[in-house]
Each structure stands twice: as structure tokens, then as C-alpha cells.
Amino acid sequence: MSFEDLHLGSIVVSTVRNAPVLIFAAMAGLFAERSGVVDIGLEGKILASAFVSAAVAFATQNPWYGILAGMAVSAALALLQGYVAVTQKGNQLVAGIAINIAMSGLTFVVAQYFFQQGGRTPDLGEARLATWCCRAAPRWPTCR
Amino acid sequence: MTTNDMPRWATGIVLPILNLLSALLVAALVIHLLGEDPVESMQILINSADRQSGRPVVHAVLRVDLRLYRPGRVGGDAGGPVQHRRRGPDVFRRPGLTLAMLAFDATLPWYLLIPAGMIGAALFGALWAFIPGYLQAKRGSHIVVTTIMFNFIAASLMNFVIVKYLIPPGEQNTASRVFSAAAELPRLSDWLPVLGDTPLNVSFFLAIVALAIYGVMVSRSSWGYKLRATGLNKHAAHYAGVKISAMIIVTMLISGALAGLGAVNSIMGSTHYLSLNFVGGAGFVGIAIALMGRQHPVGIFLSSVLFGALIQGGFDLSLEKPNIPTETFIFIQGLIILFCGAMENLYAPVLIKLIKGKQA
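Heads up: the sequence lines are chains A and H, in that order.
For the first sequence, the working numbering assigns the number 144 to the last residue and increments by one with no breaks.
For the second sequence, the working numbering assigns the number 504 to the last residue and increments by one with no breaks.
Structure follows, in C-alpha cells:
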């Protein structure tokens with residue numbers, strides 16, 4: 001096996017591409033953990049916001065609206081979780097699990113209802129964030 | 145007047161039913177938005193859950209499955225709601241059962257084989273849960289984090305073991321070979337043909353026995369008193385002479401063994417081989433059911449039957465209504481966990497007012 005067979009370049013690229021999700025999830029978990037909340041529901045929030053941002057970006061053909069909508073939905077779920085944990089004095093862990101399970105079902109159902117593509121959102125095409133970034137910086141290496 | 149002062153019928157029956165109804169109301173709203181008639185859909189849900197005969201009734205298995213998990217969860221819960229020592233998503237059912245099966249199913253008769261499989265499953269479960277328990281008791285690791293990590297480890301390990309050793313040559317499906325007939329748990333339909341062709345099997349009784357033992361051990365024994373004391377206040381329990389670390393480890397061992405027994409139903413009772421995803425989220429749902437059942441054996445029994453019925457009803461509903469995918473049920477499940485598990489006292493203030501008003 002030669003050095004080229006390692007595909008070091010593509011490994012680095014995919015590492016960098018996958019890292020932001022984990023960075024955001026880790027930060028979200030850290031904020032919660034610092035205040036003594038065990039946020040099991042992060043997975044569900046990520047899922048819901050992924051679906052909503054993709055759907056909104058597709059509908060408006062503008063990825064920035066997608067990002068805003070995704071953040072809003074995620075924050076709304078966090079509000080629900082806060083209502084359960086603070087106002088209702090419920091169990092944080094169970095609220096998180098409930099959000100995870102409910103969202104893993106709901107995103108599929110709604111995606112199927114709107115787009116009829118087996119629970120997936122349609123290809124964003126021009127509405128991808130990368131396309132918009134390339135409009136801002138056409139000389140960036142990956143844009144050419 | 146807090147929820148503790150309310151009569152038992154109010155906290156034990158009225159509140160869970162109100163919560164369940166609100167969850168189903170939200171579910172009905174979603175079904176309505178999807179363009180289907182909620183009332184009709186609920187009828188299909190209920191009918192199919194009732195219908196036992198005539199075709200394979202998956203929900204029967206699922207019920208037992210869930211029930212077997214539950215005590216594990218509750219045992220853990222009682223051990224520590226206060227310091228977050230809730231046994232998180234417990235540990236995957238390990239392949240112990242299958243290994244025992246595959247090793248002996250050609251040689252041993254059924255009356256030795258089935259107990260061997262159960263013991264193997266419980267033993268593996270206990271051993272697997274021992275490590276997070278030990279880490280929590282002796283090293284102070286956060287048990288929710290370690291058990292989640294152990295779920296991942298177990299899943300990957302299962303994958304490795306199946307693909308590397310257990311998969312029959314020439315097969316693509318990641319599953320072990322089918323056990324010999326001696327390893328099959330007797331099905332209830334063998335004795336009661338009324339039930340029809342259902343995978344419901346004797347592990348159902350195993351679950352009920354486990355629930356009874358759980359009820360007696362936790363609520364009626366001195367050991368259970370120590371366990372609950374540890375859960376409520378570790379320091380006070382320690383001051384009273386309870387060995388906290390031993391308590392944590394023993395609780396985790398029991399919890400793991402019960403979770404391992406959950407595998408008996410689906411593997412020995414229904415599929416008769418080991419596949420990758422036979423757990424199907426029962427670990428997480430189990431926590432919610434334990435809460436919904438108010439950590440009481442009877443409550444746990446009723447709520448797991450309800451979930452089993454809903455799971456089966458969900459399958460049938462999606463078959464009959466093209467607009468409602470199977471995933472709708474996952475959503476409803478989440479809603480029920482939210483309302484019955486997390487927001488269990490949502491209607492308590494209203495109910496307290498009503499009761500007070502009557503008394504005055």
C-alpha cells in the first residue's frame with residue numbers, strides 16, 4: 001500500500017466537513033450541562049432543525065432563511081423542554097427522550113406529506129449554502 | 145396540597161388517563177392535518193390492537209418485550225432519581241443468549257437449553273452493566289454518559305460478532321443462523337388455539353414473574369428500602385449505614401440482567417435467530433413506560449400493554465391509510481412519553497382544585 005492509497009486528502013476534507021455538526025452539538029450540550037441540565041434531546045433538535053431548514057431553504061430558495069428557521073425550531077423545542085422541566089417539574093431526561101422519539105417520527109411524516117419522496121426533502125440545488133458562498137467568493141478553490 | 149397528598153386513585157389512574165388522552169388528542173390533530181379522519185384512524189388502531197386471531201400478532205411479542213425491559217429500568221430508577229443516576233438507555237441485549245444457543249442447541253434437550261439461554265442472556269446483561277456501574281460507584285463517572293457509550297459499543301460489537309463469526313456462509317443478511325427447534329420457547333397458541341397464530345410465548349409469564357419480584361423486592365424488603373433511600377439521598381443513606389457503591393453496582397447488575405432477559409422474548413420466542421436491530425428502541429421506551437406506570441408493577445404492566453397495542457395498531461394503521469406512514473406511530477409514541485412520562489403532573493393543579501372543591 002503506497003502513501004497515495006491512504007487518500008489522506010479526502011480523509012482530511014471529510015473530517016473537516018463532519019466536524020461542525022459535532023462542534024455545534026458539543027457546544028449545545030456544554031451550555032446545557034453547565035447549568036446542570038442533561039440535554040438528551042439534542043439529537044431530536046438537530047433532526048427537526050435539519051428538516052425545517054432544508055424544507056424552508058427549498059421553499060424560499062434561500063439558504064439563509066433555512067438557517068433561521070432551523071434555529072427557530074430548535075429553540076422552540078428547547079422551550080418545550082424547558083416548560084416540561086421547569087414549569088411542570090418533569091424529568092429532563094424523559095423530556096429529552098420524548099423529543100428525540102417524537103422528532104424522529106414527525107420529521108419523516110411531515111417530509112413525506114409535503115414532498116412525497118420517502119421522507120426525504122428534495123435536492124436543494126441552487127439553494128445550497130455552498131452555491132451562495134461561491135456567489136460571495138467566486139475565486140475560492142472549491143467554487144471554480 | 146401537593147400531588148403527594150392526593151388520593152391514590154387520582155395520581156394512579158386519573159392523571160395518567162388524562163395525560164394519555166391529551167397525547168392522543170395531539171396525535172389526532174396531526175392525523176387530521178395529514179388529511180385523514182382521526183376518529184376512523186383511532187378506531188383502526190384500537191381494532192387491530194384487539195384483534196388477536198387470524199394472523200401473526202406482532203404486538204403480542206412487543207408487549208412482552210417491553211415488559212421485560214421495564215423492571216430493569218424501574219429497578220435502576222428507584223436507585224437514583226435524585227442524583228441523575230437513572231439508568232439511561234440501557235445496554236443492548238447482548239449476544240450471550242445466542243452464543244449459548246448456538247453452542248448447545250444441537251446437543252441439549254429443550255428443558256436444559258432454554259434455561260441455559262436465559263441464564264446466558266441475564267449473565268451477559270449483568271456483566272455488561274457491571275462496568276458502567278463500577279465506574280459510577282468507584283470512579284464517579286456520569287452513568288448516563290457511560291451507558292450511552294456502552295450502547296454504541298454493544299451495537300458495534302454485535303455487528304462485528306455477527307459479521308465475523310455468526311453469519312452463515314453465503315448469506316448477505318446480517319443475522320446468525322436459525323436455532324434448532326429445541327431452542328424455541330413454547331408458544332401460548334400451542335395450548336390455547338383461540339389466540340390464533342401469534343408469537344406470544346411463555347416469556348410473557350417470565351415478564352409477569354419478574355414484575356412481581358420487582359414489586360416485592362423494591363417495596364416490601366429491607367434491601368428495597370435501602371435502594372430507595374440511596375436513590376432519594378445518597379448521603380443520608382450512607383450516614384444510615386448503606387454501602388452506596390455496593391448498592392449502585394448491585395442495582396446495575398440486576399438492571400442489566402433484566403434487560404438481558406428482554407432478549408429472550410424476541411430471540412428465543414419469536415425470531416429464533418440473532419439479528420442486528422432486534423432491540424428496536426425498547427430500551428428508551430422502557431424508561432418512559434416505567435415512569436408512566438408510576439414505578440408500580442401493575443402500572444408498568446398496563447402501560448406496556450398499551451404501548452404494545454399501539455405499536456401493533458400503528459403498523460396496521462399505516463397499512464390501511466396510505467397517507468399515514470408507520471413513522472406516525474413513532475411520533476405518537478414520543479407524544480405519549482412526553483405527556484405521560486415527562487409532564488406527568490400537568491393536570492394535577494386542576495384535579496387538586498376539583499377534589500378540594502368537593503370536600504369543602
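Quick reminder that beta carbons are idealized off the backbone N, C-alpha and C, glycines included.
Asked                                                                                                                                      : Found
Classification of F304(H) by the beta-carbon crowding that lies within 10 angstroms, buried from 16 upward                                 : exposed
For Q92(A), the first and last residue of its enclosing alpha helix (DSSP H)                                                               : 92-115
Residues that E471(H) contacts on chain A, provided the C-beta gap is smaller than 9 angstroms                                             : S104, G105, L106, T107, F108, V109, Q112, G119
Sequence-distant residues of the same chain with beta carbon closer than 8 angstroms to A154(H), five excluded per side                    : L495, I499
Beta-carbon spacing of A78(A), L482(H) below 8 angstroms                                                                                   : no
Inter-residue Cα distance where the pair is A381(H) and I393(H)                                                                            : 15 angstroms
For S166(H), the first and last residue of its enclosing alpha helix (DSSP H)                                                              : 159-177
Unbroken alpha helix (DSSP H) run spanning A137(A), endpoints                                                                              : Neither: A137(A) is in no alpha helix (DSSP H) and is coded neither H nor E.
Contact with chain H by H7(A), beta-carbon distance below 8 angstroms                                                                      : no
Three-state secondary structure assigned by DSSP to A373(H)                                                                                : helix
Meets three-Cβ-pair contact criterion under 8 angstroms: the region 451-470 of chain H and the region 363-381 of chain H                   : no
CB-CB length for E184(H) against I468(H), believed under 8 angstroms                                                                       : Contact flag wrong, Cβ pair sits at about 11 angstroms.
Under 8 angstroms from the C-beta of A299(H): neighbouring residues of chain A                                                             : Those within 8 angstroms of A299(H) in chain A number zero; the least Cβ separation is about 15 angstroms.
Beta carbon of A434(H) nearer than 8 angstroms to that of L159(H)                                                                          : no
For N18(A), three-class secondary structure by DSSP                                                                                        : helix
Chain-ordered residues of the region 15-43 of chain A with a beta carbon less than 8 angstroms from chain H                                : V38, I40
C-alpha gap between F475(H) and A98(A), whole angstroms                                                                                    : 9 angstroms
Within chain A, partners of I474(H) - CB distance below 7 angstroms                                                                        : I101, S104, G105
Own chain partners of G385(H) with C-beta closer than 8 angstroms, once the 5 adjacent residues on each side are dropped                   : none
Contacts around P122(A), its chain only, beta-carbon distance under 7 angstroms, and the 5 residues preceding and following it disregarded : F58, F115
Status (buried if at least 16 other CB within 10 Å, exposed otherwise) for E126(A)                                                         : exposed
Distance between beta carbons of N100(A) and G41(A), contact taken as under 8 angstroms                                                    : 6 angstroms
Start-end ranges of the alpha helix (DSSP H) lying completely within the region 41-78 of chain A, minimum 4 residues                       : 42-60
Interface residues of chain A facing I481(H) [CB-CB closer than 7 angstroms]                                                               : V94, I97, A98, I101
Residues from the region 156-187 of chain H in contact with chain A, defined by Cβ distance under 7 angstroms                              : L178
Cβ pair count under 8 angstroms reaching 3, the region 50-57 of chain A against the region 26-33 of chain A                                : no
N295(H) (DSSP reduced to helix, strand or coil)                                                                                            : helix
Span of the alpha helix (DSSP H), counted from its first residue to its last, around E471(H)                                               : 471-480
Nearest neighbour of S104(A), chosen from G82(A), I46(A), A137(A) [CA to CA]                                                               : I46(A)
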